[in-house]
Amino acid sequence: NMLSVERTEDITDVVTRIIPMGRTRKGDPVFLDGTIWVDSAHIGDYSFPRTMYLNCSDTATESDTMSLAQVKENLRERAQAEFDAGCDLPALSMTVDFISLGDTEEYQQYRGLDKVYLFDRITVRDRVRGYDYAAEVVAIRHNVLTGLLESVTLGSLQKGTGKRKIATWQVPEVDG
879 NMLSVERTED ITDVVTRIIP MGRTRKGDPV FLDGTIWVDS AHIGDYSFPR
929 TMYLNCSDTA TESDTMSLAQ VKENLRERAQ AEFDAGCDLP ALSMTVDFIS
979 LGDTEEYQQY RGLDKVYLFD RITVRDRVRG YDYAAEVVAI RHNVLTGLLE
1029 SVTLGSLQKG TGKRKIATWQ VPEVDG
């Protein structure tokens, strides 16, 4: 029932190299030894490194309880935490044009089962690349002349859990 898919990748905020900086007891900057940056596993996905300077002075400052070696370890951990949070991945969105099966003559009996609402989470499965993602519906195009839903726009894809939450207002038989 899918007519077309438009996939958009936004690399504006992607970072593939982080230069973390802490502070010494005296307030001087501290960088990692040798190579002062930490590279993402995705650095080769782009034609040049996308670099970010990360000020870690709030947690990586030399003190009585934190040695200079611990400060440098903290810098590396903070940079890795940024990559783990996905700063090295592009923001993806999709617009899907489709015919709702319930709006066809053959599948009228399913009309109430395939409704899509704003902020629903939809599972996107790509069998070729082997991933499951969940994406939130951020826009809907509804044709007021025909009364049919024509397309939905999905926000950024996130790792799917395989579980879908349904609001109680969407299931009239559930009270509460």
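Start counting the sequence shown at 879; every next residue gets the next number (the working numbering). By construction, the Cβ of each residue, glycine as well, lies at the ideal position given by its N, Cα and C atoms. Just so we're clear, the structure is a prediction, and the values are computed from it rather than from any experiment.
Query	Result
Going by the CB atoms, is the gap between G990 and V1016 shorter than 8 Å?	no
Helix, strand or coil for D917? Go by DSSP, reduced to three states.	strand
Excluding the 5 residues preceding and the 5 following D1053 in the sequence, name in chain order all residues of the same chain whose CB lies nearer than 7 Å to its CB.	Note that D1053 scores 46 on pLDDT, short of 50, meaning its location in the model is unreliable; the coordinates nonetheless yield the value given after this. If we look at D1053 and ignore the five residues flanking it on each side, it has no Cβ neighbours.
Taking the alpha helix (DSSP H) that D962 falls in, what are its first and last residues?	946 to 962
Suppose only complete runs of 3+ residues qualify. What are the beta strand (DSSP E) ranges in the stretch 984 to 1034, listed by chain order?	999 to 1004, 1009 to 1021, 1026 to 1032
Does the stretch 935 to 944 touch the stretch 972 to 983, meaning 3 or more C-beta pairs lie closer than 8 Å?	no
By the DSSP assignment, the beta strand (DSSP E) with G848 in it spans what residues?	A question about residue 848 goes unanswered here, because the residues of the chain that appear run from 879 up to 1054.
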